[in-house]
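Protein chains in written order, with our numbering: chain P, 21 to 196; chain W, 7 to 256. Following: one structure in structure tokens, then a few remarks.
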Amino acid sequence: MDMDTPAMTVAAEQVWAWLGEVPDPEIPVISVVDLGIVRAVAWDGDECVVTITPTYSGCPAMQVIAEAVTEALHAHGVEQVRLVNRLSPAWTTDWMSDAGKLALRSYGIAPPAQQAIDISGLHAGVKRRAGPVPTVACPNCGSQHTQLTSQFGSTPCKALYKCLDCREPFDYFKCN
Amino acid sequence: MDHKVDYLLRQGDNALILSQQLSQLCGKGPALEEDMALTNVALDLLGQTRMWLTYAGQLEGKSRNEDHLAFLRDAHEMRCCLIVEQPNGNYADTMVRQFYFDTWHYFLMLGLAASSDPRIAEIAEKSVKEVSYHLRRSGDLIVRMGDGSADSHAKTQAAADALWMYSGEMFLYDTTDEAMVEQGVAPAVDGLRAAFLAHVAEIFAEATLAMPPADAWMQRGGKQGRHSEHLGYILAEMQFLQRAYPGSEW
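Spelled out as structure tokens, the structure:
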């Protein structure tokens with residue numbers, strides 16, 4: 021690429037493709053696009069505006085993600101990059117792509133097992149024993165015979181499970 | 007002080023101080039899973055703190071960012087409710103405090119998600135998903151401890167009784183709260199308190215715990231900056247670095 025010409029003519033689809041190669045810093049098998057963190061890509065003059073949304077409000081990876089996105093675009097010749105943080109609509113695991121879910125499973129993390137609940141349904145969500153508990157399949161042996169060990173895991177987005185058949189403990193990317 | 011700035015500081019300070027309290031248990035939880043849960047909840051609350059205090063600082067217009075507001079205000083300037091500064095105590099104390107807080111926090115965030123202030127609404131919309139998870143967990147533990155052994159039942163009942171007097175301040179609306187209700191920013195107190203009492207009653211019944219009387223006298227003052235002695239010690243540790251080495255960065 022001729023570095024003297026502004027990169028503003030690059031199509032948004034191309035930018036999306038580049039961002040599709042930026043890994044999540046905590047779970048590097050899934051890209052920030054597959055995770056649903058990148059919400060929009062647009063041009064403002066010769067400035068590329070990338071809108072991202074946090075997974076959890078305290079997620080320490082967000083700053084690293086913002087830096088990685090900026091660096092990736094710089095590496096492709098986009099000089100002016102602006103990141104916009106958008107809170108609403110709040111991130112949900114429903115935005116995770118099928119490719120992302122497959123990648124998680126083969127990495128040993130069980131992907132979200134059901135559609136996330138929306139706010140209007142949340143009240144039922146704080147009642148104990150509300151509705152059916154989703155079956156989480158073991159990412160190692162595929163068994164549905166698994167048990168929750170801890171509602172929280174190594175990062176805010178995960179819970180801890182164990183498989184009662186192959187006996188392996190595993191992470192579950194919880195619905196949110 | 008502007009009512010909305012005051013109101014935002016209250017939200018931020020509640021989350022900030024409870025996050026600091028839970029963080030002090032990092033590495034000291036009664037079990038590994040509990041330890042991780044406490045620090046995860048602390049992290050969520052810290053993230054929420056940043057959103058509230060950033061907005062408070064911007065509205066205030068005195069160039070104070072989230073760090074200024076968290077680390078450079080003294081106890082009388084803090085606007086948190088008294089319940090969040092109560093000591094961690096034993097695990098029943100920690101979890102009852104959490105359960106009372108989560109129950110109120112959850113219903114407040116649901117109300118704020120419909121706020122007339124779009125920025126407040128989106129912060130609440132983000133928070134309520136995390137808070138619902140906190141509340142499911144703390145309710146679960148109250149049932150397990152209350153309806154557990156004779157010892158765990160006794161400790162949980164004692165904590166429920168001792169902390170009850172701090173569970174009402176959130177529902178004692180003052181001019182700041184009333185101004186927010188009038189502007190459609192915050193939910194009215196009646197529905198909020200009814201939802202709180204109903205949820206606590208439901209969980210306590212399942213936990214075989216006796217619910218303290220709803221009309222009991224309640225401690226007050228935190229929202230107006232009149233705090234218990236505990237807050238000074240919490241701030242002393244939390245603010246030490248920025249006080250001793252102003253402007254230092256991680």
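Cβ atoms here follow ideal geometry from the backbone N, Cα and C, with glycine treated the same way. Since we're looking at a predicted model, the values are computed, not measured.
A direct Cα-Cα distance of roughly 30 Å separates leucine 49 (chain W) from alanine 160 (chain W). Cβ atoms of threonine 181 (chain W) and valine 102 (chain W) stay farther apart than 8 Å, at about 30 Å.
With a threshold of 16 other beta carbon atoms within 10 Å, cysteine 177 (chain P) meets it and is buried. Excluding its 5 nearest sequence neighbours in each direction, tryptophan 223 (chain W) has C-beta neighbours in its own chain below 8 Å: Met171, listed in chain order. For valine 47 (chain W), the nearest CB of chain P lies under 9 Å from its own CB, placing it at the interface with that chain. Taking 9 Å as the threshold, the shortest C-beta distance from threonine 169 (chain P) to chain W falls below it. The beta carbons of leucine 103 (chain P) and valine 70 (chain P) sit about 5 Å from each other, so the pair counts as a contact at 8 Å. One thing to note: aspartate 66 (chain P) has its Cβ no nearer than 9 Å to the Cβ of glutamate 91 (chain P).
The beta carbon of alanine 127 (chain W) falls within 9 Å of a beta carbon belonging to chain P, placing the residue at that interface.
Straight-line measurement puts the Cα of isoleucine 240 (chain W) at about 11 Å from the Cα of aspartate 80 (chain W). Leaving aside the five residues that flank arginine 226 (chain W) on each side, the residues in its chain whose CB is nearer than 6 Å to its CB run, in chain order, Glu175, Leu178.
Against chain W, the CB of cysteine 79 (chain P) has a partner CB under 9 Å away; the residue lies at that interface. For glycine 95 (chain W), the closest C-alpha among the options W:Lys68, W:Ala168, W:Val11, W:Ser254 is that of W:Ala168. Beta bridge pairing from DSSP links cysteine 68 (chain P) with P:Trp63, P:Val101. Approximately 6 Å separates the beta-carbon atoms of glycine 120 (chain P) and leucine 55 (chain P); this is inside 8 Å, confirming the contact. Under the three-state reduction of DSSP, serine 170 (chain P) is assigned to strand. With a threshold of 9 Å between beta carbons, glutamine 54 (chain W) makes contact with chain P. The secondary-structure analysis by DSSP pairs alanine 110 (chain P) with nothing; it has no beta-bridge partner. Nearest C-alpha to valine 149 (chain W) among W:Leu237, W:Leu215, W:Gly53: W:Leu215. Straight-line measurement puts the Cα of alanine 119 (chain W) at about 30 Å from the Cα of alanine 213 (chain W). Between the alpha carbons of leucine 75 (chain W) and isoleucine 23 (chain W) lies a distance of about 12 Å. Of all alpha-carbon atoms in P:Gln34, P:Cys186, P:Gln167, P:Arg187, the one lying nearest the alpha-carbon of alanine 179 (chain P) is that of P:Gln167. Following the DSSP letters along the chain, one finds alanine 92 (chain P) inside the alpha helix (DSSP H) bounded by residues 81 to 95. Around the beta carbon of arginine 232 (chain W), fewer than 16 other beta carbons sit within 10 angstroms, so the residue counts as exposed.
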